[in-house]
Amino acid sequence: MKLSCLQENLNRGLALVSRAVATRTTLPITQNVLIETDKSMLKLSATNLELAVTTWVGAQIEQEGSVTIPARLLTDFVGSLPNDKIELEQTSRPAGIHFKCARFEAQINGTESSEFPPIPSVEDGVAALIDPQILRTAISRVALAAATEETRPVLTGIKLEISGQQFTMAGADGFRLAVYKGPLIEPIEEDIEAIVPAKTLSEVQRLLGDQEEPAKLMVTPSRSQIMIHLNNIEVVSQLIQGTFPNYSQLIPQDYTSRAVVDLQEFTRATRASSIFARDGGGIIRLHIAPGSDSSPGKISVASRAEESGDNHGDIDASVEGEESKIAFSARYLTEVLGVLGRGEIALETTTASSPGVLKPIGSEDYVHVVMPMFVQW
């Protein structure tokens, strides 16, 4: 293998695949990046056996070839080079690559490409096209609700349902539930259901960046793997096997109190209270009060800690129904408000011991359910 490419492009490509490099492993080769020529381009691949990321970099190819190089050493070295043309030439004894860039030269030893785990390819299966920014929004609003502990592996995943002209993503960790519904670019003929690791989708969200081309999702007929194709990037992931909870049954359909507030004001008040909540069990208390002829409705946002003090803030709200009180985890509340952007949001409650429901106003595509915290009022 002999080729040349720009340092900037190679550095960007290595940054894209580096998150799939194994960190702790009994298979050292998975700490390498597979470098090979493909379709007159330089192809970079990395895998931790659960997730694989591949990208293509523009290059002038003189000779074909392939080899694997330690990822961290390669990334650090390329990142230290000037923004100039890099010449790469594969060596056989030892297996590796000789680099030359401006007045810098290096020999990095690696391992034969035949020892690198094969990157799965998803060529057969139903494909769905999603607008990249819609997919990015969906992941950001749902992945935060997935579990991070492996006690129930199925809850570390996101339930993906694709049918007709719509896709649905749902995440739940036993304390909160997030559901997002979005459109497909074109309808599909066969329905898709899968549980995708939340970590995989979080990586996809990072890779989407400012992509403009549609994201292509494909699931193997065996429902064991998913491939997400972006512009010059492919992500292949193992799917989680198991039964995801029936999330539709977990969404309350009725409420006794509904408050509509400005999202930015609610977020500001919640963040202020969360500072005091750190020493107070991480709890934020909400008091929803209907308005009268002389005053508007309001939500009081408060937290207190015996040693550090307390905090209280009022925000105007359009309140429908009864007066109510409810307490939430400060982290859960600030996280969901942080991904919703601007506008207004509705908070629907029934009792202090029943889940609260958050919905953006003017949109039917997202709902977030949070279990309350039990406190003495």
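So in numbering that gives the first Met the number 0, spot 46 of the sequence shown is number 45, and the numbers just go up one at a time. Where is the CB? At the ideal position from N, CA and C, for every residue including glycine. The structure displayed is predicted, hence computed values, not measured ones.
Start and end residues, beta strand (DSSP E) containing Q59: Where Q59 is concerned, the enclosing beta strand (DSSP E) stretches over Q59 to Q62.
Three or more C-beta pairs below 8 Å linking the segment 23-42 and the segment 214-225: Taking a cut-off of 8 Å for Cβ pairs, the segment 23-42 and the segment 214-225 do not touch, as fewer than three such pairs fall below it.
Close Cβ partners of V374 (< 7 Å) along its chain, the five nearest in sequence each way excluded: Taking V374 as the centre and dropping the five residues before and after it, the same chain places the C-beta of I282, R284 and A326 closer than 7 Å to its C-beta, in chain order.
Classification of E211 by the beta-carbon crowding that lies within 10 angstroms, buried from 16 upward: Here E211 is exposed. Its C-beta has fewer than 16 other C-beta atoms within 10 Å.
Alpha carbon of V153 to alpha carbon of L134, nearest angstrom: The straight-line gap from Cα to Cα measures roughly 21 Å.
Residues sharing a beta bridge with Y179, DSSP: Partner(s): M168 and Y365.
Residue environment, R277, which counts as buried when at least 16 other CB atoms sit within 10 Å: Around the beta-carbon of R277, fewer than 16 other beta-carbon atoms lie within 10 Å, marking it exposed.
Residue environment, R341, which counts as buried when at least 16 other CB atoms sit within 10 Å: Answer is exposed; the Cβ neighbour count stays below 16.
Cross-strand partners of D37 (DSSP beta bridge): According to DSSP, D37 bridges with M40.
Length of the line joining the Cα atoms of G337 and R330: Taking the straight line joining both Cα atoms gives about 10 Å.
Residue(s) in a DSSP beta bridge with E104: Beta-bridge pairing links E104 to K99.
Beta-carbon spacing of I184, I161 below 8 Å: Inclusion of I184 and I161 in the CB contact set at 8 Å is not warranted, their separation being larger than that value.
Burial state of G290, where buried means 16 or more other Cβ atoms lie within 10 Å: Residue environment for G290: exposed (fewer than 16 other C-beta atoms within 10 angstroms of its C-beta).
Continuous alpha helix (DSSP H) stretch holding G241: start and end: No residue range can be given for G241, since it is assigned to no alpha helix (DSSP H) and is classified by DSSP as neither H nor E.
G290 in three-state terms, based on DSSP: Three-state result, G290: coil.
Length of the line joining the Cα atoms of P69 and Q224: In this structure, the CA atom of P69 is about 26 Å from the CA atom of Q224.
Cβ separation of L176 and V368, assumed to be a contact under 8 Å, to the nearest whole Å: Right, their Cβ atoms sit about 4 Å apart.
N310, buried or exposed, once every other Cβ within 10 Å from all chains shown has been counted against 16: It counts as buried.
Span separating the alpha-carbon of T155 from that of F115: Rounded to whole angstroms, T155 to F115 spans 28 Å at the Cα level.
Pair within 8 Å by beta-carbon distance, L9 and V66: No, these two residues do not count as a Cβ contact at 8 Å.
Expected contact under 8 Å - CB spacing of I232 and V52 to nearest Å: The pair is a contact, with the Cβ atoms about 7 Å apart (cut-off 8 Å).
Of the residues A193, D315, I239 and E86, the one placed nearest R151, counting alpha carbons only: Of the candidates A193, D315, I239 and E86, the one whose C-alpha sits nearest the C-alpha of R151 is I239.
For V234 and V203, the rounded distance between their alpha carbons: In a straight line, the C-alpha of V203 is about 8 Å away from that of V234.
Helix, strand or coil at V300 according to DSSP, with G and I counted as helix: Look at V300 here: in three-state DSSP terms it is strand.
Sufficient close CB pairs (3 or more, under 8 Å) joining the segment 253-270 to the segment 344-351: Contact between the segment 253-270 and the segment 344-351 is present, because at least three Cβ pairs lie under 8 Å.
Limits of the beta strand (DSSP E) - the one that G391 falls within: No information on residue 391 is available, as it lies outside the stretch 0 to 376 that the chain covers here.
Cβ shell of A137 (< 6 Å), same chain only, five flanking positions each side left out: Cβ neighbours of A137 beyond the five flanking positions: M168, Y179 and G181.
Exposed unless 16 or more other CB atoms sit within 10 angstroms - verdict on Q6: Buried is the call here.
Nearest neighbour of I344, chosen from E61, A145, S299 and E264 [CA to CA]: Residue E264 is the option with its Cα nearest to I344.
8 Å Cβ shell around K324 - same chain, five flanking residues per side excluded: In chain order, R284, L285, H286, I287, A351 and W376 place their CB closer than 8 Å to the CB of K324, counting only its own chain and leaving out the 5 sequence neighbours on each side.
Extent of the continuous beta strand (DSSP E) to which L200 belongs: Where L200 is concerned, there is no enclosing beta strand (DSSP E), although the alpha helix (DSSP H) it sits in stretches over A197 to L207.
Whole-angstrom distance between D292 and P244, CA atom to CA atom: Within the model, the alpha-carbon separation for P244 versus D292 is close to 45 Å.
Residue-level contact to chain D via CB, M370, 8 Å cutoff: Absence of chain D from the displayed structure is noted, only one protein chain being present.
Cα-Cα separation between A21 and P295, rounded to whole angstroms: Here the C-alpha atom of A21 lies approximately 56 Å from the C-alpha atom of P295.
Length of the line joining the Cα atoms of A91 and L13: Reading the sequence as shown, one finds Ser at residue 91 and not Ala. Each residue's alpha carbon lies about 22 Å from the other.
Length of the line joining the Cα atoms of P196 and R270: Separation of P196 and R270 (C-alpha to C-alpha, rounded to the nearest whole angstrom) is 29 Å.
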